[in-house]
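Novice: My questions all concern the structure below.
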Amino acid sequence: MSLQVENLRVYYQTLRGDVKALDGATFTIEDREIMGLAGESGCGKTTLGHSLIRLTAPLRYVEGRVILDGAELPIADMARMDEFRMKRISIIPQYAMNALNPTRKIGTMTQELIRSRRMEAETSPEELRRRLDLVRLPHDVLNMYPIELSGGMKQRMVMVLSTLLNPSLLIADEITSALDVATQKAVAEMLVEFRDRGIVKSMIVITHDVSILYQVADSILVMYAGQLAEKASTETIIRSPRHPYTKMLVSSLPTVGVRYAEHKLAGIPGTTPLLLDPPQGCRFRDRCPVAFRKCVEVPPFLELAKGHWVACWKEFGSHA
Amino acid sequence: MKTAKGSEFLFFALRNPKLRVGLTVVLFFLGLSLIGPLLTHNAPFDYVNPAGADPPSSEYWFGTTTFGQDVFAQFVEGLRATFLVGWIGGGLGTLIGVIVGFTAGYRGGLVDEALNMLTNIVLVIPTLAVLLIITAYLEVRGVLIESIFIGLTAWPWTARAIRAQTFSLRSREFVDLARLSGMKSSKIVFTEIAPNMMSYLLLAFILQFGGATLIAATLDFIGLGPTTGISLGLMMNNAVLWGALYLGMWWWFVPPGLAITTIVGALYVTNVGLDEVFNPKLREM
Amino acid sequence: MLRLDGVSKVYKVGTFGGKELRAVRDVTFDVKDGEVVSLIGESGSGKTTIGKMILRLLSVASGTISIDGVDISTFKGEALKEFYRKVQGVFQDPFSSFNPIFKADKMFQVLREEFYPDMEGRDWDKKVDDSLKCVGLNPDHVLHKFPHQLSGGQLQRFLISRACLLEINLLVADEIISMLDASTRIDVLNLLADLKSGGLSILFITHDLSLAYYISERAIILQRGRVVEMGSSEKVFQNPLHPYTRMLMASVPRLDKRWEGVEQQLGHGAQPSEMAGGPAGGDTPGGEPELVEAEPDHFVAIAG
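The listed protein sequences correspond, in order, to chains A, B and V.
If you read the first sequence in the numbering used here, its first letter stands for residue 1, the second for the next number, and so on.
If you read the second sequence in the numbering used here, its first letter stands for residue 321, the second for the next number, and so on.
If you read the third sequence in the numbering used here, its first letter stands for residue 606, the second for the next number, and so on.
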């Protein structure tokens, strides 16, 4: 699988004008790559995830192309995207596990889903059972109501449903946020297993929790205020980031082993800009310790080292 | 207590078309009910037209009934009765509903269970049957009795809504914080919770007002209304009783019917408009 | 300064309250002056219930909670107000902690009416200014604004400034940063640590082990309403003894080690065995567990 996103711009329509939630995203994802999409609230990661598969009001497509496995995705056309949804690209939306119809048995709901998407041919009962085994859910779960399942079980069920047709690309939006620490680990590891077994080829894992990404993602794309900041291998992002925002973000994260008395962490002063009328150029400029006059122009997302993209004028200086 | 949001409300309120239209209609009829009787020197039950039923003319704006009574005079007097029922019946219903709902929501536990049971009982009482029994015993009934009866039976829906709202407000953390600030329970209720519910109370009252008006008109129409006085529903009752439909005396039943429909409809539209004003999420883009 | 002795909380559930739900069972621990203690547990562990009981927002079913040796359940009226001069709380959702129709600083007005009714206007303004600065807020930026005009981080600091204003001894912080952005979280956490060096005791309630490790000197691990391990943070985190604690340590995502590395370090037996949890408050087979001192300042619950 291969994914190319070129200059994607998607705005959010509101009474007071367009919120520039995603303003120029260009990146690629390779075959078998699990890419983490990280950033704080309002950075545009959920907008990006949703734009790839379900671009509907109040989101508004402005410009850009998305090419999946060589074919251009008609992301602005909800009807034409139907061909691709669940089959080529799929999503586990945030709060999906809470959206299970409480009056339907899991099995009934699954059957309805399969029928509505006309997938009967591709999904035999044996295949469904095999998937349940994969996520270590008992077959009996099909006879239960959602309320009888724990959070972790529901999340795993949703994972099964979203990947039933072996999509090339799976988008997982904050699927570990509301879970207990042990279940979080199980679900995160299960994502990797889906990729390892070839059920999905590549993944975009959207989360604000960078430490989960450190555990399961091959690469991390960091976003800030609707713009891309940095993309590199997980190890690079955590150990040797180059974008000032990434550096400050990673060094503000407490982790077991770090104590205040020994090593006081620092946060990032200031607040994220409002995207209704965002500042010119690099949107991190007001909080950046190394901002200079060139930063009033939007820095391009350039590959400074193999597999390491950064959008920062300061970093270009040292490279060029 | 003046809050900055008050002026924001006013801004949206004055611009909301539903609110403006609804309120204008209601106020028009209200005005008519107040000054109407002054516009005519005929009393509702006076036999003023020896010719009996006559269509509207310059002398009798709404025509006359079979008995030669001035329909316009009856109409404006009936409007008064209608509004009276709305105020008293609606007001009483709102008051009981608010007290019951709020107490149930705030106290919870056994108090809540008991009040819920009371609400459910009143909800399922067949009001029509009870009314029939009452009419059998009370030979003479006025608009006041009717209003009180309506108020006593229409409150359950308001109680339910207020209870739900109170529940959700009570478990908000700012109530906990108020307790941590040393505030007494009663002070918390009045200064923190009640203002949040102001909009809700207003909406509830408008709904009760409209509901009471409608119920009264219906009761009057089927003959279970007051035995004294005149109301819009009674007018329609009389009209049908005396064959106005067959005899084509449209001026007898159309004005009251139209008025009821318009007033209650306008009240509901006002309600929707107010909801949009109070709840920014509902405002149209 | 704070002591819980055999505290339990039981809820009656089901129709007509037939069944019992034990949210908190026989919890005993203390918080000394100027100490930060973390109360760590996942959902259903009873940690928020304990916090609310300490703040007198919920009643205690059995056991005692005492401040400086005095049982807090005896406080009424004026005594209760005095209690709130010493103990305050901050909760998880900053936006829910403020009444949306009033300005954020109405909170100060209330505190003035209840606690400092006789203070002069100018003295009061200075006091408010000082407590805002104490939490790193600029009074000009945050006064006279509505809650929705301020950020989550600012609102939480606002709430912490109550602690500075009243000059309290103990702050109960219940998941106060879980709804904040990563870059603001650490600032609020650092603020708590600074306040502690000023002498404030803090009971830091959280499910996040990294935060607990960062800020607290002692840690208490709760599982389904019971204390399963407690002691100095160093010992509990570096050498977890109870299977539940070991499981937590093995599952928490870290930034310095991968999960496989942590498992190797902790050894066998740290894997979560069952992911679907049972009902909270279910009784454990065998007798009630007891806390045993495994090493100085490190206690573990052993089934009795």
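We treat Cβ as the ideally placed atom computed from N, Cα and C, and that holds for glycine.
1) In the DSSP assignment, what residue or residues form a beta bridge with residue 903 of chain V?
2) Could you name the residues of chain B that residue 774 of chain V contacts, counting a contact when the two beta carbons are closer than 9 angstroms?
3) Excluding sequence positions up to five away, which residues of its chain have a Cβ less than 6 angstroms from the Cβ of residue 343 of chain B?
4) Should residue 406 of chain B and residue 533 of chain B be called a contact, given that it needs their Cβ atoms to be closer than 7 angstroms?
5) Please report the distance separating the alpha-carbon of residue 655 of chain V from that of residue 195 of chain A.
6) For chain V, is any of its Cβ atoms less than 7 angstroms away from the one on residue 227 of chain A?
7) Spatial neighbours of residue 657 of chain V within its chain, please: CB distance less than 7 angstroms, with the 5 preceding and 5 following residues excluded, ordered by chain position.
8) Of all the residues that make up the segment 816–849 of chain V, which are near chain A by a beta-carbon distance shorter than 7 angstroms?
9) Would you list the one or two residues that DSSP bridges to residue 477 of chain B?
10) Residue 336 of chain B and residue 596 of chain B - do their beta-carbons sit closer together than 7 angstroms?
11) Measuring CA to CA, which of B/389, B/339, B/501 and B/428 is closest to residue 569 of chain B?
12) Along chain V, which residues have their Cβ under 9 angstroms away from the Cβ of residue 224 of chain A?
13) Counting only beta-carbon atoms, is residue 956 of chain V nearer than 7 angstroms to chain B?
14) For residue 35 of chain A and residue 221 of chain A, which I take to be in contact (beta-carbon distance under 8 angstroms), what is that distance rounded to the nearest angstrom?
15) Residue 696 of chain V versus chain B: which residues are under 9 angstroms apart at the beta carbon?
16) Would you say residue 254 of chain A reaches chain V, if we count a Cβ-Cβ gap shorter than 7 angstroms as a contact?
17) Please list the partners that residue 379 of chain B has in chain V, where partner means a Cβ-to-Cβ separation under 7 angstroms.
18) Using 7 angstroms as the threshold, is the C-beta distance between residue 214 of chain A and residue 860 of chain V below it?
19) Identify whether residue 435 of chain B lies in helix, strand or coil by the three-state DSSP scheme.
20) With a threshold of 7 angstroms on Cβ separation, who are the neighbours of residue 907 of chain V within its own chain once the five nearest residues in sequence on each side are excluded?
21) Mapping DSSP to helix, strand and coil, what is residue 185 of chain A?
22) Starting from residue 217 of chain A, follow the alpha helix (DSSP H) in both directions and report where the run begins and ends.
23) Rank B/571, B/454, B/392 and B/489 by C-alpha distance to the C-alpha of residue 518 of chain B and give the top, closest one.
24) What residues in its chain sit with their C-beta under 6 angstroms from that of residue 242 of chain A, if we drop five residues either side in the sequence?
25) To the nearest angstrom, report how far apart residue 927 of chain V and residue 836 of chain V are at their CA atoms.
26) I need the boundaries of the alpha helix (DSSP H) containing residue 541 of chain B, first residue and last residue.
27) Take residue 138 of chain A as the anchor and find which of A/145, A/146 and A/129 has the nearest alpha-carbon.
28) Can you list, in chain order, the residues of its chain whose CB lies under 6 angstroms from that of residue 720 of chain V, leaving out five sequence neighbours each side?
29) Taking its Cβ as the centre, do 16 or more other Cβ atoms sit within 10 Å of residue 453 of chain B, making it buried, or is it exposed?
30) Among A/65, A/38, A/42 and A/210, whose alpha-carbon lies nearest the alpha-carbon of residue 51 of chain A?
31) Excluding the 5 residues flanking residue 677 of chain V on each side, which residues of the same chain have their C-beta closer than 7 angstroms to its C-beta?
32) Three-state secondary structure (DSSP) at residue 92 of chain A?
33) Distance cutoff 7 angstroms, beta carbons only. Does residue 675 of chain V sit that close to anything in chain B?
34) Are there three or more Cβ pairs, one per stretch, closer than 8 angstroms when the segment 682–698 of chain V is compared with the segment 625–642 of chain V?
35) Among A/200, A/27 and A/6, whose alpha-carbon lies nearest the alpha-carbon of residue 62 of chain A?
36) Counting only C-beta atoms, is residue 658 of chain B closer than 7 angstroms to chain V at any point?
Specialist: Put simply:
1) Position 298 of the third sequence, counting from 1, holds the residue named residue 903 of chain V. Paired residue(s): V/836 and V/900.
2) Along the third sequence, read from residue 1 onward, the residue named residue 774 of chain V stands at position 169. Ordered by position in chain B, no residue passes the 9 angstroms Cβ test against residue 774 of chain V, which lies about 14 angstroms from the chain.
3) The residue given as residue 343 of chain B occupies position 23 in the second sequence. 590.
4) Position 86 of the second sequence, counting from 1, holds the residue named residue 406 of chain B. Position 213 of the second sequence, counting from 1, holds the residue named residue 533 of chain B. Cβ atoms of residue 406 of chain B and residue 533 of chain B: closer than 7 angstroms.
5) Numbered from 1 along the third sequence, position 50 holds the residue referred to as residue 655 of chain V. Numbered from 1 along the first sequence, position 195 holds the residue referred to as residue 195 of chain A. Roughly 42 angstroms between the two C-alpha positions.
6) Walking along the first sequence from the start, residue 227 of chain A turns up at place 227. No, residue 227 of chain A lies away from the interface with chain V (no Cβ there is under 7 angstroms from its Cβ).
7) The sequence position of residue 657 of chain V within the third sequence is 52, counting from 1. Non-local C-beta neighbours of residue 657 of chain V in its own chain, meaning closer than 7 angstroms and more than five positions away in sequence, comprise 663, ordered along the chain.
8) Residues of the segment 816–849 of chain V that bring their beta carbon within less than 7 angstroms of a beta carbon in chain A comprise 816, 818, 819, 820 and 842, in sequence order.
9) For the purposes of this step, residue 477 of chain B is taken as residue 157 along the second sequence, with counting starting at 1. Its beta-bridge partners do not exist; DSSP assigns none.
10) The residue given as residue 596 of chain B occupies position 276 in the second sequence. The residue given as residue 336 of chain B occupies position 16 in the second sequence. Yes, the Cβ-Cβ distance between residue 596 of chain B and residue 336 of chain B is below 7 angstroms.
11) Against the second sequence, residue 569 of chain B aligns to sequence position 249. The shortest Cα separation from residue 569 of chain B among B/389, B/339, B/501 and B/428 belongs to B/389.
12) Position 224 of the first sequence, counting from 1, holds the residue named residue 224 of chain A. Identification of chain V residues near residue 224 of chain A by a Cβ-Cβ cut-off of 9 angstroms yields none; the smallest Cβ-Cβ distance measures about 10 angstroms.
13) There is simply no residue 956 of chain V to check, as chain V begins at 606 and stops at 909 in what is shown.
14) Mapped onto the first sequence, residue 35 of chain A falls at position 35. Mapped onto the first sequence, residue 221 of chain A falls at position 221. Right, their Cβ atoms sit about 6 angstroms apart.
15) Position 91 of the third sequence holds residue 696 of chain V. What residue 696 of chain V touches in chain B: 493, 496 and 497.
16) Against the first sequence, residue 254 of chain A aligns to sequence position 254. With 7 angstroms as the cut-off, residue 254 of chain A counts as an interface residue toward chain V.
17) In the second sequence, counting from the first residue as 1, residue 379 of chain B sits at position 59. Per Cβ cutoff of 7 angstroms: no residues; residue 379 of chain B is ~56 angstroms from chain V at best.
18) On the first sequence, residue 214 of chain A is found 214 positions in, with the first residue counted as 1. On the third sequence, residue 860 of chain V is found 255 positions in, with the first residue counted as 1. Result yes, Cβ atoms of residue 214 of chain A and residue 860 of chain V sit closer than 7 angstroms.
19) Indexing the second sequence from 1 puts residue 435 of chain B at position 115. Three-state DSSP puts residue 435 of chain B in a helix.
20) As a working mapping, residue 907 of chain V is identified with position 302 in the third sequence. Taken in chain order, the residues that qualify are 894, 895 and 897.
21) Here residue 185 of chain A refers to the residue found at position 185 when the first sequence is read from its first residue. In this structure, residue 185 of chain A counts as helix in the three-state DSSP scheme.
22) Looking up residue 217 of chain A in the first sequence gives position 217. Looking at the DSSP string, residue 217 of chain A is not in any alpha helix (DSSP H), and its letter there is neither H nor E.
23) Residue mapping note: residue 518 of chain B aligns to position 198 of the second sequence, counting from 1. Answer by Cα proximity: B/489.
24) Stepping through the first sequence from its first residue, residue 242 of chain A is reached at position 242. Short of 6 angstroms from the beta carbon of residue 242 of chain A, and not among the five residues preceding or following it, lie these beta carbons of its own chain, in chain order: 310 and 315.
25) Residue 927 of chain V cannot be examined here, being either before or after the span of chain V that is shown, 606 to 909.
26) Taking the first residue of the second sequence as position 1, residue 541 of chain B is located at position 221. Here the alpha helix (DSSP H) through residue 541 of chain B covers 514–541.
27) To locate residue 138 of chain A, count along the first sequence from 1; it is residue 138. Minimum Cα distance to residue 138 of chain A is reached at A/129.
28) Residue numbering aside, residue 720 of chain V sits at position 115 when the third sequence is read from its first letter. Contacts found: none.
29) As a position in the second sequence, residue 453 of chain B is number 133, starting the count at 1. Residue 453 of chain B should be labelled exposed.
30) As a position in the first sequence, residue 51 of chain A is number 51, starting the count at 1. Selected option, being the one with the closest Cα: A/65.
31) Taking the first residue of the third sequence as position 1, residue 677 of chain V is located at position 72. Counting only Cβ-Cβ distances below 7 angstroms, and skipping sequence neighbours, we find 661, 670, 671 and 688.
32) The sequence position of residue 92 of chain A within the first sequence is 92, counting from 1. Three-state result, residue 92 of chain A: strand.
33) As a first step, residue 675 of chain V must be located in the third sequence, where it is residue number 70. No, no contact with chain B.
34) no
35) Against the first sequence, residue 62 of chain A aligns to sequence position 62. Residue A/6 is the option with its Cα nearest to residue 62 of chain A.
36) Outside the shown range of chain B, which is 321 to 605, sits residue 658 of chain B, and nothing can be said about it.
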